[in-house]
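In the order they appear, the protein sequences are chains A and B.
For what it's worth, numbering that gives the first Met the number 0 labels the leading residue of the first sequence as 0, then goes sequentially.
For what it's worth, numbering that gives the first Met the number 0 labels the leading residue of the second sequence as 0, then goes sequentially.
For each residue, glycine too, the CB sits at the ideal point set by N, CA and C.
Just below is one structure, and these are the notes that go with it.
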Amino acid sequence: MYTKSQIQAVIMAAGKGSRMTELTAKKPKCLLPVGNLPMIWFPLNLLQKTGFQDVFIVVLETNKSEIQAALEKFNLKIKIELIGIPVGEDWGTADSLRYLEESNKIKSDVLVLSCDLITNVNLQPLFELFRKHDATVAALFAPVSNASSITVPGPKSKNKTEKDFIGIEENTSRLVFVASASDFEEELPLPCRLVKKFGKIALNSQLLDAHVYIFARALCKYLVLNKNISTIKGELLPHVVRKQMQPKHKKMDQDKAASVIGVDLKTDLQEMSEENELILKARLMSTFTDSRLEPVYRGDSLRCYGHLADGVTIRANSLMEYTRVNRLILEKWSELTGIEGNRISSTATISSTQLDSDSCLVGDKADVAEKTSIKSTILAPNVKVSPKTRIMSSVIMASASIGVGCNIQNCIVCEDSVVSDGCELKDCLVGSHFTVPVGGKHSNEVLTDVDHLMEI
Amino acid sequence: MHKKTGRSVVDSVTKEDVIQAVLIADSYNDDLFPAYPVPCLLPIVNLPLLDYTLQCLSSAHVQEVIIFCSAHADSLKEYLKGKCWGRMSINVVVSDGCRSLGDAMRDLDSKALIRGDFILLTGNLIGNLKVLPALEKHKKIQKTDKGLAMTLLYKECGKKSRTEDDEVFLAIDKNTSQLLLHQRCSREASKINLPVEKLLEHKSMDIRCDLMDTRVAICSLSVPPLFSDNFDYQTRDDFVRGLLMDEEILASSVYTYILPPTEYAASVTSWQNYHSISHDIIHRWTYPLVPDMFLDQYYSYRRNNIYVQDNVTLAQGCSLVEDVVIGGESDVGENTVIQSSIIGKNCKISEKSSIINSHILNRVTIEKGCKIDYCVIGEGCIIRNGAQLTSCIIGPGVVIGRDKVVENMRLQSERPLGEDEKENYGPKAFVYQSEETEAGSDSDSDIYPIAKKYYGLKLEARADDSDTCSESEGHISDKESLLQEDTNVFFSEVVDSLLRGYEDKLPCDNLVLEVNSSRYAYNVTLNEVNYYVVRAILTLQDEFKWDGIAAKLKYFMPLLVNYIRNEEAMLDSLNAIEDVAEVHSDFEAVSLKLIHLLYNKDILSEDAILKWYNEPRMENEESKRLRKVVEPFIKWLKEADDEESESE
């Protein structure tokens, strides 16, 4: 069924949302609503738009049925197969990929993306880059969106975004260096020979790794043989990028060394990505070159590429990014979802005249009473808003109800929670099934069952 | 088009002030000795270096040049007399005490000759660059960054045209082109250490080593005072490094300007780049500064980059292969081959000689059948019949005797003072003594060691990058790098820790902690830890002399006691010894002593040694050889054992 030129898609959706535990207590991360759509809908939509016909989604076994049920609502044309991570296993992304390879699900090169990716980027150039250069890895990078800083609901804390150092040789788009900024304190040691080899490297600290990777099949096989690699971003990618620099061994040495040290040769990545002699010959005769004075690809059989994409790309993996993406989706609704109009559900009952329909999203059967003022807010299905209430820049999740005379600003109110009459909430996060008592005044707080948080 | 923009730039600049250039005529070293007495008047493609520099400045619309010199001031003035450079005025400033560029700048500061931004360059620049766009950019940056002190001019280049000394690593801000890091390449350093803070501050930076330093810089008025304030700055490199290091204290910054591909600039700083730059001239990269465009001498330009002046006699059968320049009134004899070489004026080259990759200055006589390869031959030299010169720099007036073979030498015509040297190479040929090396060590006059910086013309093929890399990353030889990455990294970390521990005399307890943390970081099994710790200790030294190993072992003994606790661990360490011996054959010799010592210190038990001896992991040459070496010890062990049992 799969030809070699095809690419399979895998979405990693088993993340627990450890950077936003307040929200993910009762709900898997990939189902958190972004603009009244579950987060995972966005990568699925992206794949569907790109032309994929089927996809594997890696989820936790415990959440499998919930996710299955949630996805069935959306009539997606793409064929979905959910892969559950067994209970009790703590698999990283690379572990999951290895599992797919081991269970013979992977037949060709794979596109791996994360469930928290929300973007309007066109993936086509990435595929082209991968195919054109017969790459081992191609990864997508986007500029970090540093739009005006926003206040994150909940207690004030320093929101340190994780930064990566990404080194790309710009003429050829070769990805030559990947490291996480937090691994270094004062100095970043860069190997001299790396710079010598490529001459000029653009080292960037403001790029977002979109966690969109295309891996060659050989790499999946390599994963099977190397069980100690457990995450893609943290281990596999830096490992492969570093491997590019490794000099080739001579065949003679290998045989000898193998007998001496007893290394299983097949575990060597360089060996695995060794290119067909015919291809090498063809390349030698071709006039194509990517560097003026060096042999094509600088003689590397292992090649990583990085594509820099313009456009909006957000990974909603932390509370801050989640807040940001919900803000952004209101601004760029049709751009990010591809859905025209339809911001206010037809089944919603809106009695208010002060609902700014251009800056709000209202879900099915939401009930907004008269004399309310609502701006830049997402109202999920079945939300009930009582009269004399003002809501600004907030996210109200499904079936929450807001009492009379409330004032809610820049808050996230989780599903099935109740904000009682006369509450004033500013920069707060209301946990699911929580009831904010009458007349409560809170700012910069997380309002949730304490016991419940302890469980996590 | 170009002219037009240039002109408009001129107008905007000239209205404010006169464009000044400060030209440092001295090189402050003797890298280019002894071929010509005055370094900046050294002819390159038959024209003095200074000529190129001044022509370049004059066509770049510089109006005032201040030439700074300490030595050779008279010959410089003599040379400049009667020459005219358009609207450009030239002042020669003589300052006797100058020993470096730093001194010159301090002198400049005290003399207060500078009125505004100026161009700083050395007297050996060859190029056709336009300085004004760089100056303009400098002024533009000055408006946003008040601390701007210097804009360095760089030219993109390939790897091959540079010597190792010219290589430099730069980190440049992509948007502003501010220089953030400047590090000369050295063989020892394998890493460039980029400050993380700067990386985060500047969104993206280019890390480059494909740039060549033109040694031209645009300086702000603040540069001479900065040199005065920091009297330890001797060279421009010192200055740049100091500014980058104390960016906050000095409140000064350095920017870069990369020349457009149409412009050429390079400075002659060594014989290697003398050679490559002269070829660039012949290949017309420096147009209009090419031989057939020189005003005072007429060259005809022929196919294959051959330039011949008037009144040159080319005898029958002589062949000028390619890239050849021959000055006026010179004779070339029958069947002589000249390739990639420059011949000065009034030279006599007799028949059947071959001159390849060489530079022959004026009035040189080369007799029959000489072979000259990669040489520079000074004015008025005589090379007698059949001499063979390879990779030599020969000063003026030297006479090389018949059939002499000379290689890798610097020769001068005068006998060095106080030296009683025989005339090894000819009646007037003495080894040139570099002042710098003389001060260091007494050199053997017969086999003169080549000074550190001197390589001759030839650009040696550098050690293959892939070779150096495996060494630089934690002394891992090729064979070892086959190991899996993690253990590999673990091993190199252990080596690093131990090396540092040994050098700083850290207590072994701390090292144990370090090794353990690396162990958990890389998920290495206990067996592997034992193996690699022993191996690391043994590979710390380059030479396998017993003294060195014993000293290290003594120091690391607590470490060994900590790790080598049971028989299995002992076997691991013996295996490590075996593997090291296999890779480094000279280690084999000391392995007997080593095992003995470890036995005496109760690190290795008798049983373990015997077990290891009797059950080799694999049957091969090396393991047999090693076992043969340690055989006496095993014998002794067994005998001791027997005696013990007997005495019981």
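- Here C55/B is buried, its C-beta having at least 16 other C-beta atoms within 10 Å.
- In this structure, the alpha-carbon of E378/B lies about 13 Å from that of I399/B.
- Scanning its chain for C-beta atoms nearer than 6 Å, with the 5 sequence neighbours on each side dropped, one finds around F555/B the residues I536, in chain order.
- Interface flag for N227/A against chain B is set, since a Cβ pair is found closer than 8 Å.
- Here G343/B is not near N356/B, since their CB atoms are 8 Å or more apart.
- Positions of the alpha helix (DSSP H) runs, each at least 4 residues long and wholly inside the region 79–151 of chain A, are given as 92–101, 123–131 in order along the chain.
- Judged by DSSP in its simplified three-state form, S203/B adopts strand.
- At least 8 Å separates the beta-carbon of V177/A from that of F197/A.
- Chain A places no beta carbon closer than 8 Å to that of L178/B, leaving this residue out of the contacts.
- Nearest CB-CB separation between K232/A and chain B: not below the 8 Å threshold.
- Contact of R207/B with chain A is assigned, a C-beta pair being separated by under 8 Å.
- Between D30/B and T268/B, the gap from beta carbon to beta carbon is short of 8 Å.
- Counting along the chain, no beta strand (DSSP E) covers K145/B, and no H or E run does either.
- Approximately 6 Å separates the beta-carbon atoms of S107/A and Q7/A; this is inside 8 Å, confirming the contact.
- By a beta-carbon distance limit of 8 Å, Y51/B contacts L288/B. Their separation comes to about 6 Å.
- Take V240/A, set aside five residues on each side of it, and the residues of its chain with a beta-carbon closer than 8 Å to its own are V136, L174, V175, F176, V177, C303, in chain order.
- S251/B sits buried, since 16 or more C-beta atoms from the chains shown fall within 10 Å of its C-beta.
- For L243/B, the enclosing alpha helix (DSSP H) begins and ends at 235–244.
- The beta carbon of C218/B lies closer than 6 Å to those of F117, L119, M149 in the same chain, with the five residues before and after it left out.
- One finds D205, R207, D209 in chain B with Cβ atoms closer than 7 Å to the Cβ of K199/A, taken in chain order.
- Under the Cβ distance rule, C303/A does not count among the residues neighbouring chain B, no pair being separated by less than 8 Å.
- Boundaries of the alpha helix (DSSP H) harbouring F41/A: 40–49, taken from the DSSP string.
- For M319/A, no beta strand (DSSP E) encloses it; the enclosing alpha helix (DSSP H) starts and ends at 318–330.
- Taking a beta-carbon distance threshold of 8 Å, F214/A does not count as an interface residue toward chain B.
- Counting along the chain, E423/A sits inside the beta strand (DSSP E) bounded by residues 423–425.
- Annotation: the continuous beta strand (DSSP E) that includes L202/A extends over 199–203.
- Exposure of H282/B is indicated by the presence of fewer than 16 other C-beta atoms within 10 angstroms of its C-beta.
- As far as DSSP is concerned, Y296/A takes part in no beta bridge.
- At least 8 Å separates the beta-carbon of I548/B from that of I602/B.
- Across the set V560/B, T538/B, W635/B, F632/B, the C-alpha of T538/B shows the shortest separation from the C-alpha of S584/B.
- The region 201–214 of chain A and the region 221–231 of chain B do not touch, with fewer than three beta-carbon pairs separated by less than 8 Å.
- For K195/A, the nearest beta carbon of chain B is closer than 8 Å to its own beta carbon.
- In this structure, S203/B sits away from Q52/A, with a CB-CB distance that is not shorter than 8 Å.
- C-alpha of K280/A to C-alpha of T286/A: approximately 12 Å in a straight line.
- Where E567/B is concerned, there is no enclosing beta strand (DSSP E), although the alpha helix (DSSP H) around it starts and stops at 566–582.
- At a cut-off of 8 Å between beta-carbon atoms, L189/A makes contact with chain B.
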